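Engineer:
Number of protein chains: 2
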Amino acid sequence: MEAAKEDRRSKRTRQLLGNALVELMLEKPFDEITVQDILDRADIGRSTFYAHYTDKENLLMSEIERVIYQLDAYTRAVGEQTHLLLPSLELFRHLREQRRLLQAFIWGRASDMLTRSFQGRVSKIVEHNLLALMGDTVKFSVPLSLIADFVTATFMTLLRWWLDDEMRSTPEQMDEMFQKLVMPGIHAFML
Amino acid sequence: MEAAKEDRRSKRTRQLLGNALVELMLEKPFDEITVQDILDRADIGRSTFYAHYTDKENLLMSEIERVIYQLDAYTRAVGEQTHLLLPSLELFRHLREQRRLLQAFIWGRASDMLTRSFQGRVSKIVEHNLLALMGDTVKFSVPLSLIADFVTATFMTLLRWWLDDEMRSTPEQMDEMFQKLVMPGIHAFML
DNA sequence: TTCGCTATCGAACACTATGTACAGGATACC
DNA sequence: GGTATCCTGTACATAGTGTTCGATAGCGAA
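Sequence order for the protein chains is G and Z.
Residue numbers for the first sequence follow my numbering, beginning at 25 and rising by one.
Residue numbers for the second sequence follow my numbering, beginning at 25 and rising by one.
1. If you run the structure through DSSP and keep just helix, strand and coil, what is methionine 201 of chain Z?
2. May I ask you to verify whether the segment 137–144 of chain Z touches the segment 65–72 of chain Z, counting CB pairs closer than 8 Å and requiring at least 3?
3. Are phenylalanine 179 of chain Z and methionine 214 of chain Z touching if we call contact CB-CB under 8 Å?
4. Can you find a CB in chain G that lies within less than 8 Å of the CB of methionine 85 of chain Z?
5. Counting contacts by CB-CB distance shorter than 8 Å, is lysine 204 of chain G in contact with chain Z?
6. Taking the straight line between their C-alpha atoms, what separation do you get for leucine 183 of chain G and leucine 170 of chain Z?
7. List the whole-angstrom C-beta distance separating alanine 212 of chain G from proline 208 of chain Z, where the pair is believed to meet the contact cut-off of C-beta under 8 Å.
8. Report yes or no: is there a C-beta of chain G within less than 8 Å of the C-beta of methionine 201 of chain Z?
9. Return the Cβ separation of leucine 119 of chain Z and leucine 84 of chain Z in integer angstroms, given the expectation that the two are a contact with Cβ distance under 8 Å.
10. Determine, using beta carbons only, whether alanine 76 of chain G and leucine 50 of chain G come nearer to each other than 8 Å.
11. In the DSSP assignment, find the alpha helix (DSSP H) that holds lysine 213 of chain Z and state where it starts and stops.
12. Could you please give me the residues that DSSP links to phenylalanine 164 of chain G through a beta bridge?
13. Pop quiz: serine 112 of chain G and phenylalanine 202 of chain G are said to be a contact at Cβ under 8 Å. What is the actual Cβ separation, rounded to whole angstroms?
14. So what does DSSP say about arginine 120 of chain G, is it helix, strand or coil?
15. Classify asparagine 82 of chain G: buried if its beta carbon has 16 or more other beta carbons within 10 angstroms, exposed otherwise.
16. Would you verify that the beta carbon of glycine 42 of chain Z is, or is not, closer than 8 Å to some beta carbon of chain G?
17. Name the chain G residues that come within less than 7 Å of tryptophan 185 of chain Z, Cβ to Cβ?
18. Given a cut-off of 8 Å, decide if glutamate 114 of chain Z and threonine 99 of chain Z are closer than it, judged by their beta-carbon atoms.
19. Using the C-alpha atoms, what's the distance from glutamine 60 of chain G back to methionine 191 of chain Z?
20. If I'm right that isoleucine 57 of chain G touches methionine 137 of chain G with Cβ under 8 Å, what's the distance once you round it to whole angstroms?
21. For the putative contact between leucine 187 of chain Z and isoleucine 149 of chain Z, defined by C-beta atoms under 8 Å, what is the C-beta separation to the nearest angstrom?
22. Do you know how far the Cα of glutamate 47 of chain G is from the Cα of lysine 80 of chain Z?
23. Nearest to alanine 128 of chain Z by alpha carbon, out of Z:Val91, Z:Arg70 and Z:Leu168?
24. Please state the DSSP three-state secondary structure of methionine 25 of chain G.
25. Is the Cβ-Cβ distance between aspartate 55 of chain G and tryptophan 185 of chain Z less than 8 Å?
26. Would you mind reading off the limits of the alpha helix (DSSP H) that contains threonine 194 of chain Z?
27. Judging by CA-CA distance, which residue of Z:Val102, Z:Arg123, Z:Ala177 and Z:Ser34 is the nearest neighbour of phenylalanine 73 of chain Z?
28. Can the beta-carbon of proline 167 of chain G be found less than 8 Å from the beta-carbon of arginine 117 of chain G?
29. Near methionine 25 of chain G, which residues of its chain fall below 6 Å by C-beta distance, leaving aside the five closest residues on each side in sequence?
30. Hey, valine 175 of chain G and leucine 110 of chain G are a contact pair by Cβ (cut 8 Å); roughly how many whole angstroms apart?
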């Protein structure tokens, strides 16, 4: 929406730094990675790094935001489907393309930060769809936020399991498992 | 079972350091806590710290292990109850007593490490009970490890939600929610 | 192509935290 | 009371962080 004009050099630098971090996170945990490591890998000068980011953490966050943004754009492109709590099939399909990136976060022990952002985003979708889905006719005997957390956590669990299993299952199979695990539990709380 | 004889001084030192860390984690995230902070809070000399622990992380881990150990001892005392996947009611009761400690881990952003250890321990219980519960008569259409992960993740989600909600619900209510959320989903995968 | 602007470079620097070493004093154990 | 063990305080080497600045190179617009 803004920053339409970014200097080629800046863009290049940011990309190099981001890629370097991801590569390194495939090799060792995030907090064992030093700024110097990133600099060497990206072949970028020290002062340049600090011209773009305040921190290692700052760089990590900006990478996370990129993932979330793409995920967001994707779900928006897919359109609203209020017949489901989550467009889970589409999400699994989309995330399969991001395997390398997701793996980096998990190997790099930065999965909790990813999960946190993820959780925030996915929870919103779930709450929104939950409301739209049932108008005012259906109520729950527990807080919506808890339902949303449950749905999200299950999704994340499946995602992690999928990655550990080297993504052998198809997105369709993952989606089926997800629906089967999650929906019956939720129905138990409808009034 | 071993190390029955530990010098009073050592024990005291370890306790002071552990408590100091927990106190500090109630105030700020773990990786913003410096060894010096811990030393000041515990009023312990620098070299003494390194005589006991190699690291900040090392100290954290030993605190986590203490929690897990207690949890383990508790569930063992409660006895095996194979009519359930998890002695969840007992766990909720037990964990209510540990509120301060749990809160420290969550506020201190060290919840992922706690969760990891927790997950490992709880998953074993679940897998064990799952097998004992159904002998060879019942099979699942998905790997047991996935079921275990699902159960554990849901438990952890409820636990986190409970803490965020300042533990307003009773252990009994928590247990009921847990059972309702988890069991229907699992039945869907029984063959 | 030229010109002005901005990003990058690299080296130097101050600062903070880490982990180690050691000698002298205190405390626990038997 | 004697001895082993732990604690203390200081000093030090090392490593990583974040900043500064003058020089250089690359960009984009006229």
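For every residue, glycine included, the Cβ atom is placed at its ideal position computed from N, Cα and C.
Everything numeric in this text was worked out from a predicted model, so none of it was measured.
Structural biologist: Let me spell this out:
1. Taking the first residue of the second sequence as 1, we reach residue 201 of chain Z at position 177. Looking at methionine 201 of chain Z - three-state DSSP - the assignment turns out to be helix.
2. no
3. The sequence position of residue 179 of chain Z within the second sequence is 155, counting from 1. The sequence position of residue 214 of chain Z within the second sequence is 190, counting from 1. Taking 8 Å as the Cβ cut-off, phenylalanine 179 of chain Z and methionine 214 of chain Z do not qualify as a contacting pair.
4. By one-based count along the second sequence, residue 85 of chain Z stands at place 61. By this cut-off, methionine 85 of chain Z is not an interface position.
5. By 1-based counting over the first sequence, the position of residue 204 of chain G is 180. It does: the Cβ of lysine 204 of chain G has a partner Cβ on chain Z nearer than 8 Å.
6. Your numbering for residue 183 of chain G matches position 159 in the first sequence. Your numbering for residue 170 of chain Z matches position 146 in the second sequence. Distance between the alpha carbons of leucine 183 of chain G and leucine 170 of chain Z is about 11 Å.
7. The sequence position of residue 212 of chain G within the first sequence is 188, counting from 1. The sequence position of residue 208 of chain Z within the second sequence is 184, counting from 1. Sure, about 6 Å apart at Cβ, within 8 Å.
8. Reading the second sequence from its first residue, position 177 is the one you call residue 201 of chain Z. At least one chain G Cβ lies under 8 Å of methionine 201 of chain Z.
9. Counting from one through the second sequence, the residue named residue 119 of chain Z turns up at place 95. Counting from one through the second sequence, the residue named residue 84 of chain Z turns up at place 60. Incorrect: roughly 19 Å between the Cβ atoms, too far for contact.
10. Within the first sequence, numbered from 1, the residue matching residue 76 of chain G stands at position 52. Within the first sequence, numbered from 1, the residue matching residue 50 of chain G stands at position 26. Note on residue identity: the sequence assigns histidine, not alanine, to residue 76 of chain G. No, these two residues do not count as a Cβ contact at 8 Å.
11. For the purposes of this step, residue 213 of chain Z is taken as residue 189 along the second sequence, with counting starting at 1. Reading off the sequence, residue 213 of chain Z comes out as phenylalanine, not lysine. Careful: phenylalanine 213 of chain Z lies outside any alpha helix (DSSP H) and carries neither H nor E.
12. Locating residue 164 of chain G in the first sequence gives position 140, where the first residue counts as 1. Answer is G:Met214.
13. Position 88 of the first sequence, counting from 1, holds the residue named residue 112 of chain G. Position 178 of the first sequence, counting from 1, holds the residue named residue 202 of chain G. 5 Å between Cβ atoms; contact.
14. The residue labelled residue 120 of chain G in the question sits at position 96 within the first sequence. DSSP places arginine 120 of chain G in helix when its eight states are reduced to three.
15. In the first sequence, residue 82 of chain G corresponds to position 58, counting from 1. Exposed: under 16 other Cβ atoms inside 10 Å.
16. If you number the second sequence from 1, residue 42 of chain Z lands on position 18. Answer no: the Cβ-Cβ gap between glycine 42 of chain Z and chain G never drops below 8 Å.
17. Here residue 185 of chain Z corresponds to residue number 161 of the second sequence, with the count starting at 1. Residues of chain G with a Cβ closer than 7 Å to the Cβ of tryptophan 185 of chain Z are, in chain order, Leu170 and Asp173.
18. Taking the first residue of the second sequence as position 1, residue 99 of chain Z is located at position 75. Taking the first residue of the second sequence as position 1, residue 114 of chain Z is located at position 90. Taking 8 Å as the Cβ cut-off, threonine 99 of chain Z and glutamate 114 of chain Z qualify as a contacting pair.
19. The residue you call residue 191 of chain Z lines up with position 167 of the second sequence. The residue you call residue 60 of chain G lines up with position 36 of the first sequence. Taking the straight line joining both Cα atoms gives about 44 Å.
20. Here residue 57 of chain G refers to the residue found at position 33 of the first sequence. Here residue 137 of chain G refers to the residue found at position 113 of the first sequence. About 14 Å separates the two Cβ atoms, so there is no contact after all.
21. Taking the second sequence and counting its residues from 1, the one referred to as residue 187 of chain Z is at position 163. Taking the second sequence and counting its residues from 1, the one referred to as residue 149 of chain Z is at position 125. In this structure leucine 187 of chain Z does not touch isoleucine 149 of chain Z by the C-beta definition: roughly 21 Å separates them, more than the 8 Å allowed.
22. Here residue 80 of chain Z refers to the residue found at position 56 of the second sequence. Here residue 47 of chain G refers to the residue found at position 23 of the first sequence. Going by the C-alpha atoms only, they are around 27 Å apart.
23. The sequence position of residue 128 of chain Z within the second sequence is 104, counting from 1. It is Z:Val91.
24. As a position in the first sequence, residue 25 of chain G is number 1, starting the count at 1. Unreliable placement is indicated for methionine 25 of chain G, whose pLDDT of 41 sits below 50; no coordinate value is reported for it.
25. Sequence index remark: in the first sequence, residue 55 of chain G carries index 31 (1-based). Sequence index remark: in the second sequence, residue 185 of chain Z carries index 161 (1-based). For aspartate 55 of chain G and tryptophan 185 of chain Z, no; Cβs fall outside 8 Å.
26. Reading the second sequence from its first residue, position 170 is the one you call residue 194 of chain Z. From DSSP, threonine 194 of chain Z is part of no alpha helix (DSSP H); its letter is neither H nor E.
27. Within the second sequence, the letter at position 49 stands for residue 73 of chain Z. Nearest C-alpha to phenylalanine 73 of chain Z among Z:Val102, Z:Arg123, Z:Ala177 and Z:Ser34: Z:Ser34.
28. Here residue 167 of chain G refers to the residue found at position 143 when the first sequence is read from its first residue. Here residue 117 of chain G refers to the residue found at position 93 when the first sequence is read from its first residue. Cβ distance not < 8 Å, so proline 167 of chain G and arginine 117 of chain G don't count as in contact.
29. Walking along the first sequence from the start, residue 25 of chain G turns up at place 1. Its pLDDT being 41, under 50, methionine 25 of chain G is placed unreliably in this model, and the value from its coordinates should be taken loosely. Counting only Cβ-Cβ distances below 6 Å, and skipping sequence neighbours, we find nothing.
30. Locating residue 175 of chain G in the first sequence gives position 151, where the first residue counts as 1. Locating residue 110 of chain G in the first sequence gives position 86, where the first residue counts as 1. Yes, valine 175 of chain G and leucine 110 of chain G are in contact; Cβ-Cβ is about 7 Å, under 8 Å.
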